[in-house]
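Protein chains in written order, with numbering that gives the first Met the number 0: chain D, 0 to 126; chain V, 0 to 131. C-beta atoms are modelled at their ideal positions from N, C-alpha and C, and glycine is treated no differently.
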Amino acid sequence: MEDFRTPTARARGLGAARGGTRDFWYQRVTSALGVLLITGAIIVVIDSIGADYDDVRALLSNPVVVALLLLALLNFCIHMRIGMQVIIEDYVHQPMAKVLLLIVNAGFSTVIGVVGAVAIIKIAFSG
Amino acid sequence: MTGTAAPTPRIPIAPHMQVYRPTLTMVMSIMHRLTGTALYAGTVVFVWWLVAVAAGRVAYETFLDVFGSVPGLVVLFGLTWAVLHHALGGIRHLIWDVGRAHTYPWREYLARANLIGSLTLSATLWVVFYPW
């Protein structure tokens, strides 16, 4: 039987991760945003140097800092999930090992993001 | 079809990594990946800091003790350099993504600026902001 699909439709989903170009685009968007967000995060970290515990809490409960850190965390968890996925796809070819590592990678990136977000929100709402 | 497998044709094989003389841009590409991987692990330190502040005074003191020790400071300095190197390397990649600086000599200038920039920035930040 003839295949009526276009060449693009046949190729879609045949990448190493069975996905498309969304990750490619997200990686570039999160890297451009990341330059701004990491600059902000570095300023916050520098601001906390030498401060006592109460001052650090006060700093981290500033709404601007809370928003900045939440955005940075979300941004970099997406960025690092994609980055590590590319590395796994490049070096791990055994299908079962690859799939397991991709799941561990997605899990690690999600857990880091959620745990960090919970800490930020807890500080934000308890002053 | 017969059951005998066709002999493997002697096809030309692409030269692999190790036949190339190492170049600065090649080393920088590897460094970008290595610093990215280090930062992946480094997120644990950042989240530890956040959790320690959220958990309370004692947990925060523990964090300061761990990362105020010599190995802790080495890790923090390493992460400082990794984050700056990866960020500057990311800017370099974004410049390439818009189609600029692929050719000689700009790619070499960018590679050097990346390395020199990340090292001087890390050193400067520590000299200025570390409570000596």
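Tell me the DSSP secondary structure of residue i in three-state form.
i	result
H101(V)	coil
D2(D)	coil
Q93(D)	coil
A105(D)	helix
L118(V)	helix
N113(V)	helix
G49(D)	coil
Y108(V)	helix
A40(V)	helix
I10(V)	coil
T20(D)	coil
A116(D)	helix
S68(V)	coil
L13(D)	coil
Y19(V)	coil
Y59(V)	helix
Y129(V)	coil
M0(V)	Annotation note: pLDDT 47 at M0(V) (below 50); position unreliable, no value reported.
Hey, out of the options, whose CA is closest to residue i's CA?
i	options	result
Y127(D)	Y59(V), R9(V), W48(V) and W105(V)	It is not possible to answer for residue 127(D), since the shown part of chain D is limited to 0 through 126.
M83(D)	F76(V), R32(V) and P6(V)	R32(V)
A122(V)	L75(V), D96(V) and T34(V)	L75(V)
G116(V)	V82(V), I94(V), L93(V) and W131(V)	V82(V)
Y129(V)	T79(V), H101(V) and V18(V)	T79(V)
R42(D)	L73(D), I86(D) and V63(D)	A small correction: the amino acid at residue 42(D) is Ile; Arg does not occupy that position in the sequence shown. Minimum Cα distance to I42(D) is reached at V63(D).
V26(V)	T119(V), R106(V), I10(V) and W95(V)	R106(V)
A110(V)	G35(V), V69(V), R91(V) and L118(V)	R91(V)
L72(D)	F45(V), L63(V) and F62(V)	F45(V)
T36(V)	Y19(V), G98(V) and H84(V)	H84(V)
G49(D)	Q17(V), L63(V) and H101(V)	L63(V)
V69(D)	A8(D), I111(D), A57(D) and V55(D)	In the sequence as presented, Val is not what sits at residue 69(D); that position holds Leu. Here the closest residue by C-alpha is I111(D).
A66(D)	E1(D), A8(D), P6(D) and A123(D)	A123(D)
I29(V)	L93(V), A54(V) and L114(V)	L114(V)
L23(V)	W125(V), T119(V) and Y103(V)	Y103(V)
H92(D)	G14(D), A8(D) and R4(D)	G14(D)
Say whether the stretch 29–41 of chain D touches the stretch 68–79 of chain D, bearing in mind that this needs 3 or more beta-carbon pairs closer than 8 Å, one atom from each stretch.
yes
Any chance the stretch 110–123 of chain D sits against the stretch 41–50 of chain V, with 3 or more Cβ pairs inside 8 Å?
yes
contact_flag[the stretch 34–43 of chain V, the stretch 32–46 of chain D] where n(CB pairs < 8 Å) is 3 or more
Touching, no, given that fewer than three Cβ pairs across the two stretches are closer than 8 Å.
4-residue-minimum alpha helix (DSSP H) runs that sit fully inside the stretch 52–81 of chain D, ordered along the chain:
52–59
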